[in-house]
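Chains A and B, in that order, give the protein sequences. Read left to right, the first sequence gives residues 1 to 297 (my numbering). Read left to right, the second sequence gives residues 1001 to 1297 (my numbering).
Protein chains: 2
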Amino acid sequence: MTKVLLCEPNFSEGRDAGIIEQVTDQVRRVTGVRLIDTNSDADHNRSVLSYLGEPVAVLAATKAMAAKAIELIDMRKHIGSHPRMGAVDVVPFVPVRNMETAEAVHIARQFGEFLGGLGVPVYYYEDAATRPNRKTVPQIRTGQYEALAEKLKDPGWSPDAGPAKFNAASGATITGVRMPLIALNVNLATTDLAVADRIARTVRESSGGLPHVRAIALSLEEARMVQVSMNLTNFRETPIPQVMEAIRSEAGSYGVSIAGAELVGPVPLEAVTEVLKRYLQAQDFSMEQIIENALID
Amino acid sequence: MTKVLLCEPNFSEGRDAGIIEQVTDQVRRVTGVRLIDTNSDADHNRSVLSYLGEPVAVLAATKAMAAKAIELIDMRKHIGSHPRMGAVDVVPFVPVRNMETAEAVHIARQFGEFLGGLGVPVYYYEDAATRPNRKTVPQIRTGQYEALAEKLKDPGWSPDAGPAKFNAASGATITGVRMPLIALNVNLATTDLAVADRIARTVRESSGGLPHVRAIALSLEEARMVQVSMNLTNFRETPIPQVMEAIRSEAGSYGVSIAGAELVGPVPLEAVTEVLKRYLQAQDFSMEQIIENALID
């Protein structure tokens, strides 16, 4: 039973193809690691990688990737629309197969110690968090890079690894362990952004909606539609179909129908299986029945 | 890109655990083959195995399995409720990954030649068929084992491999290549078998319903429900959601709702993905996005 760990690091370069390539290449070079997705956004000035493999190989790839990013990215010159705190900004490890959370936390902390050793203050988050007020990325990233010099003078912000000292070139890094995050966008057959906005408010956790759902409303100018763009941070407790049907019902109350949906980036098989179980009312269906599942060690 | 072939042989023993075990064990012994499902039915007096791996390994396992079944099963003594023609009755090969139909047909025919060499008349069916009137199992199996001695005197029934001579102990074998077959049962919240029967007639191909759907009505006495029990023989042309929604609509016209559904045995990932795409209206979703997919060579 091979253990499989996924890593989805975000680093603060989304424009310079040379730098993006050099950082990504550190992952490609590691035997036993498979790069499954890359995404660079020029407006955000940020890139996200997704790769997986056995934990030791994933740790090695992540160390090499981070060292290269630290070497090439200077936060003093970084401008982008996405919140960020460091050259290597957020590094989530996600246990995928035959791994307990605790094992993944151990890997995340090994990575944290490594990066700390390179002079970068490191904070542990989610399942690796050490303090209740430093659990989520938004909590830790408050004030972004620009606030770091001041924050690091406060004992409440002493890092979990690395020096309690501002690193102007590299900023600080957040690493830890979380569940796979599902990016679900639902398009509505209307151009009325207010409708999408009201639905986003209804479904998202922060305004009293469904647990583990973050949602914003967007206008899709070209498609002449609006979108509820979401992250589901715990698909076991709040499954995709529950979110989908909540949106369908809300939209219906405005006389608006769903034009389509998108799942962006990697999705775990378990979440796909749950969609099947819900819509076919096939509660006894097991992931083990999927033929391809037998091809994985 | 490893090639993966699935084999789902049916052999004519569902009662004697010793024989079932010895036959199944021939598959277990072959390195590189994974046995993913076994099902023995005493009433049918028949067993079905599902195993997969690289084509060469699957062929080796199938030869060994069939040779053992021929050795241990005597069709002169076989009684069971399921139609059958031979000790090794039907041997479908199913291309699962990185394989063309033609390659699987080549494997099926190698198996046919092997079994023919053991003195068993062999007929090729579905994608390996050699004559239009010998395409399906029911076409070839007409009259069952009991009709074989006579049929083999007719040039229209000269086998595709092996001798045109009745083998009393082993009967004859059907082998070939088909798509994965999906076993879908839909339970209805009524005890009225007539409703299930009318729905079965409406959806099945043989009475003018959906292509590639076989359906019968069953009474589930203990559960106090009725069931439409189906095989979908081409889930690409007639996907699971289409069948499900046809049944929901028909049942609704009798004022009956769907109590639940079961997918029995192995299901290909592609069919699961189609369910998600249909119900989430996520037409752009790709199997490649499923994290576990990246773990398969």
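Built from N, CA and C at the ideal position, the CB exists for glycine as well.
As assigned by DSSP and simplified to three states, the class of residue i
i         : result
B/PHE1093 : strand
B/GLN1283 : coil
B/THR1136 : coil
B/SER1206 : helix
B/PHE1011 : strand
A/SER249  : helix
A/VAL4    : strand
A/ASN234  : coil
A/LEU152  : coil
A/THR130  : coil
B/TYR1145 : helix
A/ASN293  : helix
A/MET75   : helix
B/ALA1168 : coil
A/GLY86   : strand
B/VAL1256 : coil
B/MET1065 : helix
B/THR1191 : coil
A/GLU100  : coil
B/GLY1080 : coil
B/LEU1276 : helix
B/ASP1197 : helix
A/ASP16   : coil
B/ASP1043 : coil
B/PRO1180 : coil
A/PRO241  : helix
Bridge partner(s) assigned by DSSP for residue i
i         : result
B/ALA1261 : B/VAL1186
B/TYR1124 : B/THR1175
A/THR38   : A/LEU49
B/MET1225 : B/LEU1220
A/ALA215  : A/MET230
A/ALA161  : A/VAL122
A/VAL33   : A/GLY53
A/VAL267  : B/ILE1290
Close beta carbons around residue i, own chain, < 6 Å, minus the five adjacent residues each side
i         : result
B/THR1002 : ASP1297
A/ALA64   : GLN26
B/LEU1181 : ASN1231 and THR1233
A/ARG198  : none
A/SER40   : GLY14, ILE20 and SER47
Nonlocal neighbours in the same chain, by C-beta distance under 7 Å from residue i, ignoring five residues either side
i         : result
A/LEU184  : MET230, LEU232, ILE240, VAL243, ALA261 and LEU263
A/SER50   : LEU6, GLU8, ILE36, ASP37, GLY265 and PRO266
B/GLU1113 : ALA1161
A/TYR279  : PRO241
A/ALA164  : PRO121, LEU152 and SER158
B/ALA1104 : LEU1005, PHE1093, PRO1095 and VAL1177
A/ARG248  : ILE258
A/ALA149  : PHE166
Residue from the options whose Cα sits closest to the Cα of residue i
i         : options                                       : result
B/ALA1108 : B/ASN1098, B/ARG1097 and B/VAL1122            : B/VAL1122
A/GLU8    : A/VAL91, A/ASP74 and A/VAL33                  : A/VAL91
A/PHE11   : A/ILE216, A/ILE174, A/GLY32 and A/TYR279      : A/ILE174
B/THR1202 : B/GLY1032, B/ASN1045, B/GLU1237 and B/GLU1245 : B/GLU1245
A/GLN289  : A/LEU269, A/THR130 and A/ALA223               : A/LEU269
B/LEU1210 : B/ILE1291, B/LEU1218 and B/ALA1200            : B/ALA1200
A/VAL226  : A/ASN187, A/GLU237, A/ALA251 and A/GLY208     : A/ASN187
A/SER257  : A/LYS68, A/GLU54, A/ALA189 and A/ALA147       : A/ALA189
A/HIS82   : A/PRO155, A/VAL56, A/ASP43 and A/PHE235       : A/ASP43
B/VAL1228 : B/ALA1061, B/ARG1236 and B/LEU1218            : B/LEU1218
A/ASP284  : A/GLU274, A/GLY143 and A/ALA259               : A/GLU274
B/LEU1072 : B/ALA1060, B/ALA1087, B/THR1062 and B/GLY1080 : B/ALA1087
A/LEU220  : A/ALA259, A/HIS78 and A/ALA149                : A/ALA259
B/ASP1074 : B/ARG1028, B/ASP1127 and B/SER1170            : B/SER1170
A/VAL56   : A/VAL30, A/THR130, A/LYS77 and A/ASP154       : A/VAL30
B/GLU1100 : B/LYS1077, B/GLY1119 and B/ALA1128            : B/ALA1128
B/ALA1069 : B/ILE1140, B/ILE1291 and B/ALA1017            : B/ALA1017
Close beta carbons around residue i, own chain, < 8 Å, minus the five adjacent residues each side
i        : result
A/GLU205 : PRO211, HIS212, VAL213 and ARG214
A/LEU52  : VAL4, LEU5, LEU6, CYS7, VAL33, ARG34, ILE36, VAL58 and VAL96
A/ARG224 : THR191
Interface residues of chain D facing residue i [CB-CB closer than 8 Å]
i         : result
B/THR1273 : The structure shown has no chain D; the protein chains it does contain are A and B.
Pull out every residue of the region 125 to 138 of chain A whose Cβ sits closer than 8 Å to any Cβ of chain B, in chain order. none
What residues in the region 166 to 196 of chain A bring their beta carbon closer than 9 Å to a beta carbon of chain B? Within the region 166 to 196 of chain A, the residues whose Cβ lies closer than 9 Å to some Cβ of chain B are PRO180, LEU184, VAL186 and ASN187, listed in chain order.
Check each residue of the region 208 to 238 of chain A: if its Cβ is closer than 8 Å to any Cβ of chain B, include it; give the result in chain order. none
Interface positions of the region 29 to 45 of chain A facing chain B (Cβ-Cβ less than 7 Å), listed along the chain: ARG34 and ILE36
Using a Cβ-Cβ cut-off of less than 8 Å, list which residues of the region 1083 to 1112 of chain B approach chain A; keep chain order. The residues in question are VAL1096 and ARG1097.
What are the residues of the region 281 to 296 of chain A that lie near chain B, defined by any Cβ-Cβ distance shorter than 8 Å? GLN281, ALA282, GLN283, ASP284, PHE285, GLN289, ILE290, ILE291, GLU292, ASN293, ALA294, LEU295 and ILE296
Any residues in the region 1248 to 1263 of chain B with a beta carbon nearer than 9 Å to a beta carbon of chain A? Which ones, in chain order? ILE1258, ALA1259, GLY1260, ALA1261, GLU1262 and LEU1263
Compile a chain-ordered list of the residues in the region 1059 to 1074 of chain B whose CB is closer than 8 Å to at least one CB of chain A. none
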